[in-house]
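Residue numbers (our numbering): 946 to 1432. Glycine included, C-beta positions come from ideal geometry on N, C-alpha and C. Values in this document were obtained by computation on a predicted structure and should not be read as measured data.
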Amino acid sequence: MVLENWFPTKSSIRARGGSQKYATISTGPVLRMWTYKSGSAEQFLASDETNIFNITTVADPDVAPTAEVTGQTAGYYSVAQIGTAGGDYQYIVNGADEALLYDGTTFTPINGVSTPAITGVTTSTFSHVSLYASRLYFVEKNTMSIWYLPVDSIGGAAAEFSLAGIFQEGGAVIFCGKWSLDSGDGLDDKFVVVSNQGEVAVYQGLYPGDAAWTKVGVYKIAPSMGINAVMTAGGDFLMATEDGIVPISEAVNKDAAALSLASITRNIEPDWRKEVALRSAMPWEIMKWPTKNMAVVSLPVVDEGVSAKCYVVNLETGSWTFYTGWETRSLCHYENGGDYGNNTGVIYQMETGASDDGSPYTCTYVGLPDHIKSVGQFKVFHSARGTFQSNIAFRPKVSGSTNYKVSLPSAPSAAADTTASLWDVGLWDVATWDAGSVQQVSTKWFSVGRSGYAFMPQLQLTLGNSILPQIELISIDLIYENGGVMV
946 MVLENWFPTK
956 SSIRARGGSQ
966 KYATISTGPV
976 LRMWTYKSGS
986 AEQFLASDET
996 NIFNITTVAD
1006 PDVAPTAEVT
1016 GQTAGYYSVA
1026 QIGTAGGDYQ
1036 YIVNGADEAL
1046 LYDGTTFTPI
1056 NGVSTPAITG
1066 VTTSTFSHVS
1076 LYASRLYFVE
1086 KNTMSIWYLP
1096 VDSIGGAAAE
1106 FSLAGIFQEG
1116 GAVIFCGKWS
1126 LDSGDGLDDK
1136 FVVVSNQGEV
1146 AVYQGLYPGD
1156 AAWTKVGVYK
1166 IAPSMGINAV
1176 MTAGGDFLMA
1186 TEDGIVPISE
1196 AVNKDAAALS
1206 LASITRNIEP
1216 DWRKEVALRS
1226 AMPWEIMKWP
1236 TKNMAVVSLP
1246 VVDEGVSAKC
1256 YVVNLETGSW
1266 TFYTGWETRS
1276 LCHYENGGDY
1286 GNNTGVIYQM
1296 ETGASDDGSP
1306 YTCTYVGLPD
1316 HIKSVGQFKV
1326 FHSARGTFQS
1336 NIAFRPKVSG
1346 STNYKVSLPS
1356 APSAAADTTA
1366 SLWDVGLWDV
1376 ATWDAGSVQQ
1386 VSTKWFSVGR
1396 SGYAFMPQLQ
1406 LTLGNSILPQ
1416 IELISIDLIY
1426 ENGGVMV
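Printed below as a string of structure tokens:
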């Protein structure tokens, strides 16, 4: 089955939206994007190899803004935010430069003599930061140590929590996080620590220095795909690994060899492993998009021979698809929208309009082979009818392949763009007033002209318009006849 640039809904598939350039920060890769929130305000931040930019407001999407932070020696960050009595703060660490503290206005390098200060450890060694039980936890790069601050604090004497002797396969801690069984903060929260060898330690309690702090267990998973390739969903902590996206709730109950069967990517396991082999040289990321009921997995383009794409999953049904044409080096959910950064310093908004920044794209569907209730009997497939619901004009092409061999015809061209006219601008009897706002059902017959034992329905659709498409496939009907029996 092929599902390219279609999103699987609960009852059908819909064509994905396009993308639009939002900002340019560099000529090099957009290594990381994140948001800072305080009250109802939200800021959008992004980094390249040496700089950090605030791109909340962009004057010109083709011109890079002035950097807020310069002179960094590494550009891939881990970020965690904490709210205190003094305000909302965000720690930004990269394992090479001094940790940065952001208060919504100013980035402050943190060391042993800064205000605030972190003492007892060098902050430039912090490669990951997370928040657990109102305390900040920092992973010390290439070690088995995690350092944590006093409760509700952004500075102070850091205490060490060592995993030496806990992880038996060597390596180093790469990230830690919170596993909450009830999707919130509470007494049932657990602290999860992951090593680069795929070992996972789970603890329960308020903090390592507390008498009630206990180890739940140590478990084994495949190596992680990145420190930001994690997501919380449905009271679970999900981690992207070489074997797939694994829920921590399954990792604590199953042997590592059986985890791929329990992963939420089990339906695309062969494709997942193929992409891991191609793209593991760069860190992957997962972005949850609640308003779209989807999650996006970045698939970085590591060299010119690797195609631009990403995986997308319906969070409600667990159905997967992939989007092509999006070079997803980094991902971010900002103001209820999705954004991706590419390898040339450009950031794009996802699911916007019906073209990829002016370039058309094709949506392709190939269904599973169907013997149509007569296994092994030869058939002649004459024609097929597609039924759609859409808000814009489009040119679908329905075809078919037989006997398990996919043969796609050339993709159709995009329909002419139709935009809604403005009052006092559009002409009567000429202007379109409701373009893109009305859903209509349409059907169309297509000649198939195929023969064989099993039939695979195919649908191709090219989009290149300015209006966000809402095109759903309702059904494909087929006219065919069974062949006679020769004796």
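### Reduced DSSP category for Thr1236 - H, G, I as helix; E, B as strand; rest coil
As a working mapping, residue 1236 is identified with position 291 in the sequence shown. Reduced to three states, the DSSP call for Thr1236 is helix.
### Endpoints, the alpha helix (DSSP H) within which Lys1086 is located
Translated into positions along the sequence shown, residue 1086 becomes position 141. Per DSSP, Lys1086 belongs to no alpha helix (DSSP H) and is neither H nor E.
### Query
Can the beta-carbon of Pro1414 be found closer than 8 Å to that of Ile1337?
For this step, residue 1414 is matched to residue 469 along the sequence shown. For this step, residue 1337 is matched to residue 392 along the sequence shown. For Pro1414 and Ile1337, yes; Cβs fall inside 8 Å.
#### Entry: Range of the contiguous alpha helix (DSSP H) that encloses Val1221
By one-based count along the sequence shown, residue 1221 stands at place 276. From DSSP, the alpha helix (DSSP H) with Val1221 extends over 1214-1224.
### Message
Between the alpha carbons of Ala1041 and Thr1053, how many angstroms are there, rounded?
### Response
Translated into positions along the sequence shown, residue 1041 becomes position 96. Translated into positions along the sequence shown, residue 1053 becomes position 108. Cα to Cα, the separation comes out at about 16 Å.
### Task
Under 8 Å by Cβ, that's how I've got Val1163 and Val1145 pegged, so tell me the actual separation to the nearest angstrom.
As a first step, residue 1163 is located in the sequence shown; it is residue number 218 there, counting from the start. As a first step, residue 1145 is located in the sequence shown; it is residue number 200 there, counting from the start. About 7 Å; that satisfies the 8 Å criterion.
### Task
Within its chain, find whatever has a CB closer than 8 Å to the CB of Leu1108; leave out the 5 residues flanking it on each side and keep chain order.
The residue you call residue 1108 lines up with position 163 of the sequence shown. Here Leu1108 has Met1089, Ser1090, Ile1091, Val1118, Val1138, Ser1140, Ala1146 as same chain residues with Cβ atoms under 8 Å from its own Cβ, once five neighbours each way along the sequence are excluded.
### Task
Mark Ile1000 as exposed unless 16 or more other C-beta atoms lie within 10 angstroms of its C-beta, in which case mark it buried.
Position 55 of the sequence shown, counted from the start, is the residue given in the question as residue 1000. Classification of Ile1000: buried, given that the 10 Å Cβ count is 16 or more.
### Message
So, under 8 Å CB-CB, Phe1400 and Leu1423 are touching, yes? Tell me the CB distance rounded to an integer number of Å.
### Response
Walking along the sequence shown from the start, residue 1400 turns up at place 455. Walking along the sequence shown from the start, residue 1423 turns up at place 478. Their Cβ separation, rounded to whole angstroms, is 7 Å, which keeps Phe1400 and Leu1423 in contact under 8 Å.
### Query
Ordered along the chain, which non-local residues of its own chain (more than five positions away) have a Cβ less than 6 Å from that of Leu1076?
Start at 1 with the first residue of the sequence shown, and residue 1076 comes out as number 131. Non-local C-beta neighbours of Leu1076 in its own chain, meaning closer than 6 Å and more than five positions away in sequence, comprise Ala1025, Ile1027, ordered along the chain.
### With 16 other Cβ atoms within 10 Å as the buried cut-off, status of His1316
Reading the sequence shown from its first residue, position 371 is the one you call residue 1316. Residue environment: His1316 is assigned as exposed (fewer than 16 neighbouring CB atoms within 10 Å of its CB, all protein chains considered).
### Task
Excluding the 5 residues preceding and the 5 following Ala1203 in the sequence, name in chain order all residues of the same chain whose CB lies nearer than 8 Å to its CB.
Counted from its first residue, the sequence shown places residue 1203 at position 258. Around Ala1203: no qualifying Cβ.
### Task
Determine whether the Cβ of Leu1204 lies closer than 8 Å to any Cβ atom of chain D.
The structure shown contains no chain D, having only a single protein chain.
### Message
Would you call the region 1397-1411 in contact with the region 1294-1309, where contact means no fewer than 3 C-beta pairs closer than 8 Å?
### Response
The region 1397-1411 vs the region 1294-1309: in contact.
### Task
Enumerate, from N- to C-terminal direction, the unbroken beta strand (DSSP E) stretches of 3 or more residues contained entirely within the region 1094-1119.
For the region 1094-1119, whole beta strand (DSSP E) runs of length 3 or above, ordered along the chain, are 1104-1107.
### Message
Using only CA atoms, which one of Ile1063, Met946, Lys955, Ala960 lies nearest to Gln1334?
### Response
Here residue 1334 refers to the residue found at position 389 when the sequence shown is read from its first residue. Taking the Cα of Gln1334 as reference, the smallest distance to any Cα among Ile1063, Met946, Lys955, Ala960 is reached at Ala960.
### Query
In this structure, does DSSP put Ser1075 in helix, strand or coil?
Here residue 1075 refers to the residue found at position 130 of the sequence shown. In the displayed model, Ser1075 falls within a strand according to three-state DSSP.
### Enclosing beta strand (DSSP E) for Ser1346 [first to last residue]
Reading the sequence shown from its first residue, position 401 is the one you call residue 1346. For Ser1346, the enclosing beta strand (DSSP E) stretches over residues 1341-1347.
### Query
Quick one: what's got a C-beta closer than 7 Å to Lys1219's C-beta in the same chain, skipping five residues either side?
If you number the sequence shown from 1, residue 1219 lands on position 274. Exclusion of the five residues before and after Lys1219 leaves no residue of its chain whose Cβ lies closer than 7 Å to its Cβ.
### Query
How about Gly1143 and Lys1165: are their beta carbons less than 8 Å apart?
Within the sequence shown, numbered from 1, the residue matching residue 1143 stands at position 198. Within the sequence shown, numbered from 1, the residue matching residue 1165 stands at position 220. In this structure, Lys1165 lies closer than 8 Å to Gly1143 by Cβ.
### Query
Taking Asn950 as the reference, which of Asp1097, Gly962, Tyr1093 has the closest Cα?
Position 5 of the sequence shown, counted from the first residue, corresponds to residue 950. The shortest CA-to-CA distance from Asn950 to any of Asp1097, Gly962, Tyr1093 is the one to Gly962.
### Query
Do Cys1277 and Met978 have their C-beta atoms closer together than 8 Å?
As a first step, residue 1277 must be located in the sequence shown, where it is residue number 332. As a first step, residue 978 must be located in the sequence shown, where it is residue number 33. Cβ distance < 8 Å, so Cys1277 and Met978 count as in contact.
### Query
Given that a residue counts as buried once 16 or more other Cβ atoms are within 10 Å of its Cβ, and exposed if not, what is Asn996?
On the sequence shown, position 51 is the one that residue 996 refers to. Flag for Asn996 reads buried.
### Message
Going by C-alpha to C-alpha distance, which of Thr1050, Gly1049, Glu1043 sits closest to Asn1056?
### Response
Taking the sequence shown and counting its residues from 1, one reaches residue 1056 at position 111. Nearest of Thr1050, Gly1049, Glu1043 to Asn1056, Cα basis: Glu1043.
### Query
beta strand (DSSP E) containing Ser1508: first to last residue?
Absent from the model: residue 1508. The displayed extent of the chain is 946 to 1432, so no value can be given.
### Task
Please report the residue range of the beta strand (DSSP E) in which Ala1329 lies.
To locate residue 1329, count along the sequence shown from 1; it is residue 384. Bounds of the beta strand (DSSP E) holding Ala1329 are 1324-1335.
### Query
Could you check where the alpha helix (DSSP H) with Ile1190 kicks off and where it finishes?
Along the sequence shown, read from residue 1 onward, the residue named residue 1190 stands at position 245. From DSSP, Ile1190 is part of no alpha helix (DSSP H) but of the beta strand (DSSP E) over 1189-1192.
### Query
Based on Cα-Cα distance, which residue from Ala1102, Ser1387, Asp1155, Gly1345 lies nearest to Val1465?
The chain is shown from 946 up to 1432; residue 1465 falls before or after that span and cannot be answered.
### Closest by C-alpha distance to Thr1266, when choosing among Ser1072, Arg1211, Arg1080
Against the sequence shown, residue 1266 aligns to sequence position 321. Cα-wise, what sits closest to Thr1266 is Arg1211.
### Query
Around the Cβ of Ala1196, are there at least 16 other Cβ atoms within 10 angstroms (buried) or fewer (exposed)?
Looking up residue 1196 in the sequence shown gives position 251. So Ala1196 ends up on the buried side.
### Message
Per DSSP, what are the beta-bridge partners of Ser1387 in this structure?
### Response
Along the sequence shown, one-based indexing puts residue 1387 at 442. Paired residues: Phe1333.
### Task
Hey, could you find the ends of the alpha helix (DSSP H) Ala1207 is sitting in?
Stepping through the sequence shown from its first residue, residue 1207 is reached at position 262. Taken as a continuous stretch (DSSP letters only), the alpha helix (DSSP H) holding Ala1207 covers 1204-1207.
### Through-space distance from Gln1294 to Gly1303, alpha-carbon basis
By 1-based counting over the sequence shown, the position of residue 1303 is 358. By 1-based counting over the sequence shown, the position of residue 1294 is 349. Cα-Cα distance, rounded: 13 Å.
### Query
Does the beta-carbon distance from Gly1283 to Trp1234 come in below 8 Å?
Position 338 of the sequence shown, counting from 1, holds the residue named residue 1283. Position 289 of the sequence shown, counting from 1, holds the residue named residue 1234. Yes. Within cutoff.
### Task
Look at the alpha carbon of Arg1274 and the alpha carbon of Ser1396, and state the distance between them as a whole number of angstroms.
Within the sequence shown, residue 1274 is the residue found at index 329, counting from 1. Within the sequence shown, residue 1396 is the residue found at index 451, counting from 1. Arg1274 and Ser1396: Cα-Cα distance of roughly 43 Å.
### Task
Measuring alpha carbon to alpha carbon, tell me which of Leu1206, Val1221, Asp1362 ends up nearest Ser1169.
Walking along the sequence shown from the start, residue 1169 turns up at place 224. Considering only Leu1206, Val1221, Asp1362, the residue with the shortest C-alpha distance to Ser1169 is Val1221.
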